[in-house]
Every structure is written in C-alpha cells, then in structure tokens.
Amino acid sequence: GAVVSQHPSWVICKSGTSVKIECRSLDFQATTMFWYRQFPKQSLMLMATSNEGSKATYEQGVEKDKFLINHASLTLSTLTVTSAHPEDSSFYICSARTGRTQAFFGQGTRLTVV
Amino acid sequence: AQRVTQPEKLLSVFKGAPVELKCNYSYSGSPELFWYVQYSRQRLQLLLRHISRESIKGFTADLNKGETSFHLKKPFAQEEDSAMYYCALTLGNTGKLIFGQGTTLQVKP
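As given, the protein sequences belong to chains A and B, one line each in that order.
Per this note's numbering, the very first residue in the first sequence carries number 35; after that it's consecutive.
Per this note's numbering, the very first residue in the second sequence carries number 2; after that it's consecutive.
Right under this line is the structure:
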C-alpha cells in the first residue's frame with residue numbers, strides 16, 4: 035500500500051515556541067490530507083482537511099491561528115502548532131488520499147510541551 | 002449529528018473463541034463505514050470497508066442499516082489479532098473520517 039510519513043515522530047518543545055510537523059506521501063500524490071489529534075486512550079479527532087493549493091478547512095472548535103496548516107505540494111502538508119502550551123501536548127496523526135481512494139495514515143507525532 | 006459508538010473499551014477472549022466488536026453509528030446520510038486496526042507500535046491501517054463486502058484476516062462486518070450497526074466479527078480469534086480496533090464513518094465524498102472510541106482486543110493464549 036501507499037506510504038505516508040510524518041516527521042518528527044516525537045518532539046519536545048518549550049511553552050511559547052512553535053513546532054512544525056511534516057506529513058509526506060512517499061509514493062503517491064495526495065490531493066487531500068487530513069490532520070487528526072489523539073489524546074491518551076481516546077479516539078482520533080479530526081482537526082482539519084487540506085487540499086493542495088487551497089486553504090485548509092478546520093473543524094468546529096479548532097483554532098486555525100493556533101494550528102497552521104499548509105499543503106503546498108501534492109506530497110507535503112505541514113501542521114505548525116504556534117505558541118505551544120502544555121495543553122497542546124498530544125499525538126498528531128495525518129492521513130492522505132488521492133481522489134476517492136482510501137486514506138493512508140502516517141505513524142503519528144508525539145508532541146510534548148514543557 | 003454524526004457519531005460512531007464503540008461501547009466496549011476492552012474485549013478479552015481466549016484464542017480460538019469467537020469475537021464480535023460492536024459499532025453503532027448515527028448519520029443522516031448514506032453511510033460508508035470502515036474498520037481500522039492499530040497493532041502495537043504501528044500506524045493505523047484499514048482492515049475492511051463495508052462496500053467491499055470482503056473478509057480480511059478472517060474478519061467480516063455487515064452493515065445493518067435498520068440497527069445502524071457495523072459490528073466486526075471473527076469466528077476464531079488468533080493471538081496476532083490483539084490490537085486496537087476503530088470503527089469509522091466517512092462523511093459523503095469529503096473523505097473525512099469520524100472515529101469511534103476504539104476497542105482494545107486482547108486474545109489470550
């Protein structure tokens with residue numbers, strides 16, 4: 035199957051700093067990428083949908099100025115957590131798909147804000 | 002509102018026993034439902050989707066629109082089936098997935 039890679043796999047940052055997480059589709063062109071957040075022992079919650087070359091669509095309750103999403107190419111989307119705080123600590127997962135195919139998931143990024 | 006409910010956080014069975022992981026959904030449109038699996042230290046991966054009507058690794062799931070359910074079943078559980086299972090619903094053509102809370106399946110030897 036298709037491969038989606040996230041980088042970094044884990045990151046620790048200081049409160050108030052910004053962190054960028056990359057999501058790459060390695061062997062296919064992803065017209066749409068999705069960003070999810072997962073709290074410990076809880077389900078995945080969709081944060082936003084990004085289509086290549088257009089602005090991301092955020093789910094209700096997700097602050098777009100806090101979680102900046104850029105989908106500049108068909109193989110790369112980035113999520114930047116701006117001015118991170120401890121409550122932003124979580125597991126962030128991206129998925130990518132092309133057309134109406136199934137979505138493929140990245141391995142996730144564990145963010146810890148101290 | 003769209004919702005996926007998996008009532009069991011943990012399901013523990015012995016090897017060879019039948020397994021049924023429950024999933025109920027709430028969606029006003031025509032649903033497309035999936036089961037995803039996450040093995041230990043691995044990424045989430047698609048197990049099966051209702052439109053395929055296929056059996057993967059011995060698992061099957063039938064969409065019951067009357068009961069709004071999509072339960073995952075396997076007649077004889079194997080130890081390698083131990084994992085976290087998520088039921089998910091996609092919203093129309095958007096590709097957005099709404100996940101259930103997940104059920105940990107533990108298959109004991």
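Every residue gets a Cβ at the ideal spot worked out from N, C-alpha and C, and that includes glycine.
It should be emphasised that the depicted structure is a prediction, and the values quoted were computed from it without experimental measurement.
| query | Can you tell me the Cα-Cα spacing of LYS100 of chain A and GLY50 of chain A, whole angstroms? | reply | As a working mapping, residue 100 of chain A is identified with position 66 in the first sequence. As a working mapping, residue 50 of chain A is identified with position 16 in the first sequence. Cα to Cα, the separation comes out at about 11 Å.
| Contact list for GLN76 of chain A against chain B, beta-carbon separation under 9 Å | Sequence index remark: in the first sequence, residue 76 of chain A carries index 42 (1-based). Within 9 Å Cβ-Cβ: GLN102, GLY103.
| query | Based on Cα-Cα distance, which residue from A:ALA130, A:GLN141, A:SER52 lies nearest to ASP61 of chain A? | reply | Working through the first sequence from its first residue, we reach residue 61 of chain A at position 27. Among A:ALA130, A:GLN141, A:SER52, the Cα nearest to that of ASP61 of chain A belongs to A:ALA130.
| query | Helix, strand or coil for LYS81 of chain B per DSSP? | reply | Within the second sequence, numbered from 1, the residue matching residue 81 of chain B stands at position 80. It should be noted that the sequence gives Glu, not Lys, for residue 81 of chain B. Note: GLU81 of chain B maps to helix in three-state DSSP.
| message | Less than 8 Å between C-beta atoms, sequence neighbours within five positions excluded: which residues of the same chain meet that for PRO19 of chain B? | response | Taking the first residue of the second sequence as 1, we reach residue 19 of chain B at position 18. Counting only Cβ-Cβ distances below 8 Å, and skipping sequence neighbours, we find LYS74, LYS75, PRO76, PHE77, ALA78.
| Whole-Å CB distance - HIS119 of chain A paired with SER111 of chain A, under 8 Å assumed | Translated into the one-based positions of the first sequence, residue 119 of chain A becomes position 85. Translated into the one-based positions of the first sequence, residue 111 of chain A becomes position 77. Actually they do not touch by this definition, with Cβ atoms about 23 Å apart.
| field | Beta-carbon gap between CYS24 of chain B and GLN3 of chain B smaller than 7 Å | value | Within the second sequence, residue 24 of chain B is the residue found at index 23, counting from 1. Within the second sequence, residue 3 of chain B is the residue found at index 2, counting from 1. Against a cut-off of 7 Å, the Cβ pair of GLN3 of chain B and CYS24 of chain B comes out as no contact.
| query | Start and end of the beta strand (DSSP E) containing ALA82 of chain A? | reply | On the first sequence, residue 82 of chain A is found 48 positions in, with the first residue counted as 1. It spans 78-85 - the beta strand (DSSP E) in which ALA82 of chain A sits, taken as one unbroken run.
| request: Rounded to whole angstroms, what's the CA-CA distance from ALA137 of chain A to GLY96 of chain B? Just pull it up for me. | output: To locate residue 137 of chain A, count along the first sequence from 1; it is residue 103. To locate residue 96 of chain B, count along the second sequence from 1; it is residue 95. Answer to the nearest angstrom: the Cα atoms are 8 Å apart.
| query | What three-state label does DSSP hand GLU121 of chain A in the structure shown? | reply | Taking the first residue of the first sequence as 1, we reach residue 121 of chain A at position 87. Of the three classes helix, strand and coil, the one that applies to GLU121 of chain A here is helix, per DSSP.
| query | Is the Cβ of GLY96 of chain B closer than 7 Å to any Cβ of chain A? | reply | Sequence index remark: in the second sequence, residue 96 of chain B carries index 95 (1-based). With 7 Å as the cut-off, GLY96 of chain B counts as an interface residue toward chain A.
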